[in-house]
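Protein chains in written order, with this note's numbering: chain P, 13 to 346; chain L, 13 to 346; chain U, 13 to 346; chain S, 13 to 346. We put the CB at the ideal spot given by N, CA and C, even for glycine. Computed from a predicted model, the values in this text were never measured in an experiment.
There are 4 protein chains.
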Amino acid sequence: MRFAVIGAGRIGQLHASHLAHAIRGAELVAVVDVAMPAAEETAARWAAKAYPDLRSVLAQEAIDAVCIASATETHIALIEEAAAAGLHIFCEKPIDHDLAHIDRALAAVQQAGVLLQVGFNRRFDANAERVRAALLAGEIGEPYTLHLISRDPAPPTLEYLRGSGGIFLDMMIHDFDMARFLIGAEVESVFTLAGVRVDPRIGELGDLDTALVSLRFSNGVIGMIDNCRQAVYGYDQRIELFGSKGSIRTDHQYANSATLQTAAAIARDLPHHFFIERYRESYIRELEQFIAAIESGQPPPVTGMDGRIPVVLARAARLSYDENRPVNPREVDG
Amino acid sequence: MRFAVIGAGRIGQLHASHLAHAIRGAELVAVVDVAMPAAEETAARWAAKAYPDLRSVLAQEAIDAVCIASATETHIALIEEAAAAGLHIFCEKPIDHDLAHIDRALAAVQQAGVLLQVGFNRRFDANAERVRAALLAGEIGEPYTLHLISRDPAPPTLEYLRGSGGIFLDMMIHDFDMARFLIGAEVESVFTLAGVRVDPRIGELGDLDTALVSLRFSNGVIGMIDNCRQAVYGYDQRIELFGSKGSIRTDHQYANSATLQTAAAIARDLPHHFFIERYRESYIRELEQFIAAIESGQPPPVTGMDGRIPVVLARAARLSYDENRPVNPREVDG
Amino acid sequence: MRFAVIGAGRIGQLHASHLAHAIRGAELVAVVDVAMPAAEETAARWAAKAYPDLRSVLAQEAIDAVCIASATETHIALIEEAAAAGLHIFCEKPIDHDLAHIDRALAAVQQAGVLLQVGFNRRFDANAERVRAALLAGEIGEPYTLHLISRDPAPPTLEYLRGSGGIFLDMMIHDFDMARFLIGAEVESVFTLAGVRVDPRIGELGDLDTALVSLRFSNGVIGMIDNCRQAVYGYDQRIELFGSKGSIRTDHQYANSATLQTAAAIARDLPHHFFIERYRESYIRELEQFIAAIESGQPPPVTGMDGRIPVVLARAARLSYDENRPVNPREVDG
Amino acid sequence: MRFAVIGAGRIGQLHASHLAHAIRGAELVAVVDVAMPAAEETAARWAAKAYPDLRSVLAQEAIDAVCIASATETHIALIEEAAAAGLHIFCEKPIDHDLAHIDRALAAVQQAGVLLQVGFNRRFDANAERVRAALLAGEIGEPYTLHLISRDPAPPTLEYLRGSGGIFLDMMIHDFDMARFLIGAEVESVFTLAGVRVDPRIGELGDLDTALVSLRFSNGVIGMIDNCRQAVYGYDQRIELFGSKGSIRTDHQYANSATLQTAAAIARDLPHHFFIERYRESYIRELEQFIAAIESGQPPPVTGMDGRIPVVLARAARLSYDENRPVNPREVDG
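#1: Rounding to the nearest angstrom, what Cα-Cα distance links VAL344 of chain S and ARG327 of chain S in this structure?
#2: Compare the Cα-Cα distances from VAL43 of chain L to each of L:ALA329, L:ILE23, L:PRO106 and report the closest residue.
#3: Looking only at its own chain, which residues have a Cβ that is under 7 Å from the Cβ of ARG209 of chain L, when we skip the five neighbours before and after it?
#4: May I ask you to list the residues that DSSP assigns as paired with ALA223 of chain P?
#5: DSSP three-state label for HIS30 of chain P, please.
#6: Under the three-state reduction of DSSP, which class applies to ASP281 of chain S: helix, strand or coil?
#7: Within this structure, are the beta carbons of ALA329 of chain S and PHE180 of chain S separated by less than 7 Å?
#8: Let's see if you can read the secondary structure: which residues bound the alpha helix (DSSP H) around GLN310 of chain S?
#9: For GLY175 of chain L, which of L:SER82, L:SER29, L:ALA243, L:GLN129 has the nearest alpha-carbon?
#10: What does SER259 of chain S touch in chain P if you count any residue whose Cβ is under 9 Å from its own?
#11: Measure the C-alpha to C-alpha separation of ILE80 of chain P and TYR295 of chain L and round it to an integer number of angstroms.
#12: If you drop the 5 nearest sequence neighbours on each side, which residues of the same chain put their C-beta closer than 7 Å to that of ASP219 of chain P?
#13: I'd like to know whether the C-beta atoms of ALA277 of chain P and ALA275 of chain U end up nearer to each other than 7 Å.
#14: Taking 7 Å as the threshold (C-beta atoms), are ASP108 of chain L and ILE88 of chain L in contact?
#15: For the beta strand (DSSP E) that THR274 of chain P lies in, which residues bound it at each end?
#16: Using 8 Å for Cβ pairs, my map puts GLU151 of chain L next to GLY235 of chain L. What's the rounded Cβ distance?
#17: Between the region 255-269 of chain S and the region 247-264 of chain L, do at least 3 Cβ pairs fall closer than 8 Å?
#18: In terms of alpha-carbon separation, which member of L:LEU282, L:ALA28, L:ILE303, L:ILE251 lies closest to ALA140 of chain L?
#19: Quick one: using the 10 Å Cβ neighbour count with 16 as the cut-off for buried, is ALA112 of chain S buried or exposed?
#20: Which residue's Cα is closest to the Cα of LEU31 of chain U: U:ILE303, U:ILE288, U:LEU331?
#21: Below 6 Å, is the gap between the Cβ of PHE132 of chain P and the nearest heavy atom of the ligand ZN?
#22: Please state the DSSP three-state secondary structure of LEU40 of chain P.
#23: Measuring alpha carbon to alpha carbon, tell me which residue in P:GLU171, P:SER230, P:LEU224 is nearest ARG213 of chain P.
#24: Give the interface partners of ARG280 of chain U over in chain P, defined as CB-CB distance under 7 Å, in chain order.
#25: Within 7 Å of any Cβ in chain U, is that where the Cβ of SER226 of chain S sits?
#26: Can you tell which of P:ASP189, P:VAL202, P:THR169, P:MET184 has its C-alpha closest to the C-alpha of LEU217 of chain P?
#27: Quick one: does TYR156 of chain S have its CB under 7 Å from some CB of chain U?
#28: Closer than 8 Å, Cβ to any Cβ of chain L: which residues of the region 243-255 of chain P, in chain order?
#29: Comparing C-alpha positions only, which one of S:LYS61, S:ASP263, S:ALA206, S:PRO312 sits nearest to GLU298 of chain S?
#30: Work out the CA separation of ASP45 of chain S and ALA51 of chain P for me, nearest whole Å.
#31: Strictly below 8 Å CB to CB, what residues from chain S border PRO283 of chain L?
#32: Please classify PHE203 of chain L: is it buried, with 16 or more other beta-carbons within 10 angstroms of its beta-carbon, or exposed?
#33: The alpha helix (DSSP H) with HIS159 of chain U in it runs from where to where?
#34: Based on the DSSP secondary-structure assignment, which residues constitute the bridge partners of LYS61 of chain P?
#35: Check whether the Cβ atoms of GLU92 of chain P and ALA120 of chain P lie closer than 7 Å to each other.
#36: With the cut-off set at 7 Å, would you say GLY316 of chain U and LEU118 of chain U are in Cβ contact?
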């Protein structure tokens with residue numbers, strides 16, 4: 013499976029690295045970035061070729077799939093271009109901030125008969141898989157309540173935030189996906205409490221940095237998502253799913269298991285600092301399963317619709333905040 | 013300090029035991045219960061005398077204080093009677109379900125110049141004290157987000173539930189108090205998601221058994237309370253307070269620290285099963301501090317107003333559920 | 013059961029407190045100390061009477077039992093005196109440092125037909141009981157290997173150490189008892205590695221402050237005991253028993269379950285600092301069971317022989333160190 | 013750096029996989045095994061070539077280094093052959109069971125001026141590195157006591173055991189190396205307690221399956237190693253290093269951080285089952301550092317002498333068991 017990775021930023025470099033050496037069956041052929049020096053640096057690292065755009069790749073290379081890791085606003089056009097070329101598409105989240113654009117892209121994919129997988133990598137994390145497995149195996153009985161905590165070690169740059177779509181579309185979107193993945197039902201109501209606590213400049217952008225969103229699912233499960241742009245102790249990623257026969261809880265992942273006992277405290281080193289360290293395995297597994305889906309002709313583990321619904325939920329969460337009322341996601345969908 | 017304990021049920025027996033032998037400066041003189049055999053059994057156990065009502069105690073014994081642990085609907089009259097007799101009053105939560113009644117009782121207490129402490133024992137638990145101390149000492153910086161989880165091992169009897177006032181007044185009231193205690197600010201908005209998941213007969217009573225309540229405090233902190241009437245693994249009592257410089261989290265308390273490693277799992281025994289084991293120390297400390305407040309002339313650590321406000325919040329939480337909207341507690345307060 | 017507590021030092025005060033208010037069926041009648049001010053202070057605290065010696069108590073009070081918590085060198089004479097007076101005897105560990113003396117005292121006890129229990133309180137700790145229960149219930153199968161770690165937060169005074177009998181008789185004696193209690197078999201060989209690491213003045217007394225003692229039991233279990241006079245993070249008391257079907261491990265006990273997450277570490281407060289906090293419950297339970305044994309006519313849970321054998325093992329451990337060879341305890345027993 | 017991997021068993025396959033795709037700067041050229049089908053299978057997997065012996069590789073390929081992962085008894089001849097060919101050598105532990113053979117191989121390496129690194133992979137584990145770093149950074153002060161626990165999930169086949177050299181040379185050799193690595197001093201005395209508990213057939217081979225070895229280091233540190241061929245709960249790999257300013261302890265590594273709370277227990281899934289999962293990262297890092305040493309001309313992080321000394325200690329441990337006395341390793345060295 014010959015790949016072009018589009019976007020040579022942090023996440024594009026990560027995917028390029030995995031496709032180049034860590035994923036059996038994958039070959040990294042091209043790295044694309046409008047900033048050619050960036051494309052060249054990553055390409056050189058893995059003995060691939062650098063291109064300024066997808067069109068140039070298509071003109072010179074035989075490839076099977078693209079991995080889209082460029083800026084969000086470029087996703088729709090790239091999906092359409094790749095679909096038209098008959099390429100399978102792995103696209104980073106979110107597909108887009110606009111539902112009409114997303115629908116156009118999904119239609120293009122369907123028409124071309126190619127496979128589209130969205131990059132909700134956390135589904136492939138061992139913790140998330142274990143929680144899901146516990147539910148499916150009946151280990152916790154009927155699910156009652158879900159808690160998702162996701163806190164970043166530090167906010168992104170203000171420049172990044174300006175184009176990010178805001179905390180719900182940029183950050184909590186992962187949790188909306190996780191909620192749907194774990195519960196296996198749709199969210200029928202969201203209610204948001206949020207504020208600007210970390211940095212007033214985030215508020216000046218019209219964005220928020222700290223939020224609690226309550227969720228009610230169609231199957232009666234209730235839950236909440238806790239997001240904050242800054243947890244000084246590192247990347248905080250926790251899940252708890254509580255039900256009639258028990259509860260399953262995940263906790264931090266650490267680089268070592270050492271406990272240091274001194275006159276000051278019984279202490280562990282900080283957990284993994286951010287997503288690159290914390291979710292490394294999941295980034296590999298999502299691409300392995302993308303390839304497996306292509307080879308088997310099965311649907312991908314994260315579909316285009318799985319990419320679309322969290323965008324709806326993110327918009328509903330923002331509306332709930334703006335109007336201080338619970339919002340049914342259908343209100344913001346069309 | 014000579015005490016009469018009123019009510020010889022489970023919690024009355026606990027207080028009687030502590031006053032009789034575990035609290036320096038306290039003496040258990042009388043145990044009161046309309047069911048005289050119950051009063052006699054507890055009284056005999058601690059070499060105290062049994063009485064059918066407070067009036068009879070007052071007629072025959074010189075006492076300084078009462079510990080009211082009878083049914084909630086008897087609290088107001090007992091507070092008024094004790095206040096009129098110049099007795100200091102320790103009263104179990106909730107004072108009453110009706111705010112007007114509470115106000116009448118608080119007025120009687122104030123007029124009599126006696127001291128009233130409400131039995132929110134969890135404030136005196138080492139975990140709650142540690143979280144509060146972390147906040148006060150600046151260990152977590154500015155507080156952003158609060159999580160309170162309180163799950164009982166099993167629901168009470170339906171008969172008990174019928175007169176309980178419902179999950180918000182009977183169970184979550186502890187968490188409303190804890191939220192105010194930990195944050196040191198008032199709740200300005202509550203929003204409730206809830207359902208009947210544990211037992212449909214609870215729903216037939218018009219009650220709920222599983223709830224998530226979102227809170228917004230006057231100082232900008234946001235938070236949520238998770239209650240369920242049944243956690244099969246035992247009494248689940250957890251706090252997390254997250255802020256600008258860190259987070260403090262408490263977890264289960266166990267009867268031992270042993271971990272059993274077998275071919276099946278790496279496992280610990282279940283945590284303390286319920287409040288009697290889990291919060292034993294706090295029940296002693298709240299009475300010690302009640303006595304200390306009387307002796308020092310200082311206000312009690314949990315005032316009558318601290319007993320009143322959680323009732324307001326409980327009523328607001330129910331209204332939020334009924335109307336599916338965030339509720340400002342002032343809406344339900346007169 | 014009317015008690016005189018002999019010795020008003022730290023441990024005598026603890027027993028007096030428990031007998032006075034925490035143990036049903038016990039009454040604290042007298043506190044004895046050659047230093048009458050100390051006796052008076054403790055006696056006054058619990059409304060008991062102070063005496064300078066046991067003889068004076070016997071002359072003026074009707075008592076059923078003594079709790080001997082005076083200096084080790086006074087134990088033998090007190091046991092003989094109490095036995096002659098027909099009193100049941102609870103005696104702190106070690107009974108004595110000299111085996112011939114111990115044998116004399118045990119003979120006096122047997123002749124008088126009174127009950128003697130030795131104060132190996134740790135057997136009554138929830139952790140030790142849980143490990144023992146795991147073994148008896150077959151949860152870990154056949155036992156293979158035992159690890160006992162016991163480290164004090166700080167060494168006692170040099171004055172205390174001078175008369176202590178050394179680390180094996182004063183400190184590790186608890187672990188020798190624990191080893192026998194947990195394994196239910198006798199130690200056939202000890203081998204000692206030890207040194208003076210904490211304070212050279214301990215070495216100048218001819219004592220040691222850090223030791224690892226290997227044990228071979230008659231039933232094939234092997235094990236080791238780790239002692240140090242100073243662990244700066246507090247009282248370190250751990251057990252691991254490993255066997256064919258698993259392993260059970262105990263860990264620190266803490267005053268709270270809070271974890272503080274900051275930019276520096278994920279940390280817990282230090283565990284209980286020393287035995288008074290850590291083993292409080294066990295001190296109550298050992299006396300409860302002493303009383304229960306007297307009342308039931310059953311043998312005590314820690315017999316005179318249980319008090320004698322750890323003294324043999326302590327002497328063997330020292331000989332092993334002195335001669336750098338494994339020692340069979342029978343070598344040092346008469 | 014072009015590699016031939018010699019030996020296509022479990023550990024050879026692991027190294028081949030890492031050299032083929034996970035280690036920058038490495039290239040897997042050849043896989044050697046006397047059993048050609050095994051060589052071919054592994055070679056095919058990574059697009060390398062299969063050979064029946066090193067001589068054939070040398071005849072047809074230009075390689076820079078060998079990774080010797082064949083049976084222990086073949087190591088010496090292969091080291092000599094590789095050294096004669098000017099190849100750098102990574103050799104699995106133990107180099108050999110015979111000290112004279114080891115000395116011959118080390119002399120050949122020295123004469124050829126090639127670099128030899130021995131495969132004590134655990135030094136490169138994040139836990140071991142963290143313990144070592146704590147000591148070097150002064151976080152635990154002066155080291156007093158070391159505990160190493162290493163238990164396998166299940167014994168190897170009897171056929172394997174027959175040629176293994178016994179528990180000390182085959183299994184505890186890792187711990188002897190770890191002890192030296194962590195403490196940075198040599199062992200001056202070993203004393204062994206051991207037995208056959210897991211499987212009597214292991215005893216029939218003259219081997220042992222359960223052992224506790226006490227160590228005294230030249231710098232005054234004392235320690236012990238606990239080995240067992242079978243821990244039913246999985247691979248148990250723990251370190252504790254205790255000193256004047258604190259203690260550092262490592263614990264199990266798990267595939268996920270989930271805790272399952274049910275009516276039966278508060279439980280985690282079993283830890284990593286065996287070394288392939290548990291130490292994967294360390295196997296990559298040891299080869300990365302081997303390559304870095306070659307490139308930089310620095311000595312390797314695990315030298316030939318580091319490979320030799322644990323063999324001495326293993327022999328001393330066995331002698332201690334046979335003669336039931338502490339043994340100075342010099343006794344068994346020449």
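On the basis of the supplied data:
#1: By one-based count along the fourth sequence, residue 344 of chain S stands at place 332. By one-based count along the fourth sequence, residue 327 of chain S stands at place 315. So the alpha carbons of these two residues sit roughly 7 Å apart.
#2: Along the second sequence, one-based indexing puts residue 43 of chain L at 31. Of the listed residues, the one whose Cα sits closest to VAL43 of chain L is L:ILE23.
#3: The residue labelled residue 209 of chain L in the question sits at position 197 within the second sequence. Cβ neighbours of ARG209 of chain L beyond the five flanking positions: ASP221, THR222.
#4: Taking the first sequence and counting its residues from 1, the one referred to as residue 223 of chain P is at position 211. Answer is P:ALA206, P:ASN239, bridged to ALA223 of chain P.
#5: Looking up residue 30 of chain P in the first sequence gives position 18. It is helical.
#6: Position 269 of the fourth sequence, counted from the first residue, corresponds to residue 281 of chain S. In the structure shown, ASP281 of chain S sits in coil (DSSP, three-state: anything other than H, G, I, E or B).
#7: By 1-based counting over the fourth sequence, the position of residue 329 of chain S is 317. By 1-based counting over the fourth sequence, the position of residue 180 of chain S is 168. Yes, the Cβ-Cβ distance between ALA329 of chain S and PHE180 of chain S is below 7 Å.
#8: Stepping through the fourth sequence from its first residue, residue 310 of chain S is reached at position 298. No alpha helix (DSSP H) holds GLN310 of chain S; DSSP gives it neither H nor E.
#9: The residue given as residue 175 of chain L occupies position 163 in the second sequence. Among L:SER82, L:SER29, L:ALA243, L:GLN129, the Cα nearest to that of GLY175 of chain L is on L:SER82.
#10: Position 247 of the fourth sequence, counted from the start, is the residue given in the question as residue 259 of chain S. Per Cβ cutoff of 9 Å: THR271, LEU272, GLN273, THR274.
#11: Counting from 1 along the first sequence, the entry for residue 80 of chain P is found at position 68. Counting from 1 along the second sequence, the entry for residue 295 of chain L is found at position 283. Pairing ILE80 of chain P with TYR295 of chain L, the inter-Cα distance amounts to about 60 Å.
#12: For the purposes of this step, residue 219 of chain P is taken as residue 207 along the first sequence, with counting starting at 1. These residues qualify, in order along the chain: LEU173, GLY178, ILE179.
#13: As a first step, residue 277 of chain P is located in the first sequence; it is residue number 265 there, counting from the start. As a first step, residue 275 of chain U is located in the third sequence; it is residue number 263 there, counting from the start. The answer is no: Cβ separation not under 7 Å.
#14: Looking up residue 88 of chain L in the second sequence gives position 76. Looking up residue 108 of chain L in the second sequence gives position 96. For ILE88 of chain L and ASP108 of chain L, yes; Cβs fall inside 7 Å.
#15: Translated into the one-based positions of the first sequence, residue 274 of chain P becomes position 262. Residues 271-274.
#16: Here residue 151 of chain L is taken as the residue at index 139 of the second sequence, counted from 1. Here residue 235 of chain L is taken as the residue at index 223 of the second sequence, counted from 1. Contact flag wrong, Cβ pair sits at about 18 Å.
#17: no
#18: For this step, residue 140 of chain L is matched to residue 128 along the second sequence. Checked all of L:LEU282, L:ALA28, L:ILE303, L:ILE251; the closest Cα to ALA140 of chain L is L:ILE251.
#19: Counting from 1 along the fourth sequence, the entry for residue 112 of chain S is found at position 100. Exposed.
#20: Along the third sequence, read from residue 1 onward, the residue named residue 31 of chain U stands at position 19. The option with the nearest alpha carbon to LEU31 of chain U is U:ILE303.
#21: The ligand content of the structure shown is nil, which means the ligand ZN is not present either.
#22: Working through the first sequence from its first residue, we reach residue 40 of chain P at position 28. Three-state DSSP puts LEU40 of chain P in a strand.
#23: By 1-based counting over the first sequence, the position of residue 213 of chain P is 201. The candidate whose alpha carbon is nearest that of ARG213 of chain P is P:GLU171.
#24: Looking up residue 280 of chain U in the third sequence gives position 268. Within 7 Å Cβ-Cβ: ALA277, ILE278.
#25: Taking the first residue of the fourth sequence as position 1, residue 226 of chain S is located at position 214. Closer than 7 Å: yes.
#26: By 1-based counting over the first sequence, the position of residue 217 of chain P is 205. It is P:THR169 whose Cα lies nearest to the Cα of LEU217 of chain P.
#27: Within the fourth sequence, residue 156 of chain S is the residue found at index 144, counting from 1. Judged by the 7 Å Cβ criterion, TYR156 of chain S is in contact with chain U.
#28: ALA243, VAL244, TYR245, ASP248, PHE254
#29: As a working note, residue 298 of chain S is residue 286 in the fourth sequence. Of the candidates S:LYS61, S:ASP263, S:ALA206, S:PRO312, the one whose C-alpha sits nearest the C-alpha of GLU298 of chain S is S:PRO312.
#30: Taking the first residue of the first sequence as position 1, residue 51 of chain P is located at position 39. Taking the first residue of the fourth sequence as position 1, residue 45 of chain S is located at position 33. For ALA51 of chain P and ASP45 of chain S, the distance between alpha carbons rounds to 42 Å.
#31: Position 271 of the second sequence, counted from the first residue, corresponds to residue 283 of chain L. What PRO283 of chain L touches in chain S: ILE278.
#32: As a working note, residue 203 of chain L is residue 191 in the second sequence. The residue is buried, with at least 16 neighbouring Cβ atoms inside 10 Å.
#33: Position 147 of the third sequence holds residue 159 of chain U. HIS159 of chain U -> not in any alpha helix (DSSP H); beta strand (DSSP E) instead, spanning 155-163.
#34: Mapped onto the first sequence, residue 61 of chain P falls at position 49. Under the DSSP definition of a beta bridge, LYS61 of chain P partners with P:ALA42.
#35: Position 80 of the first sequence, counting from 1, holds the residue named residue 92 of chain P. Position 108 of the first sequence, counting from 1, holds the residue named residue 120 of chain P. Result yes, Cβ atoms of GLU92 of chain P and ALA120 of chain P sit closer than 7 Å.
#36: Counting from one through the third sequence, the residue named residue 316 of chain U turns up at place 304. Counting from one through the third sequence, the residue named residue 118 of chain U turns up at place 106. The answer is yes: Cβ separation under 7 Å.
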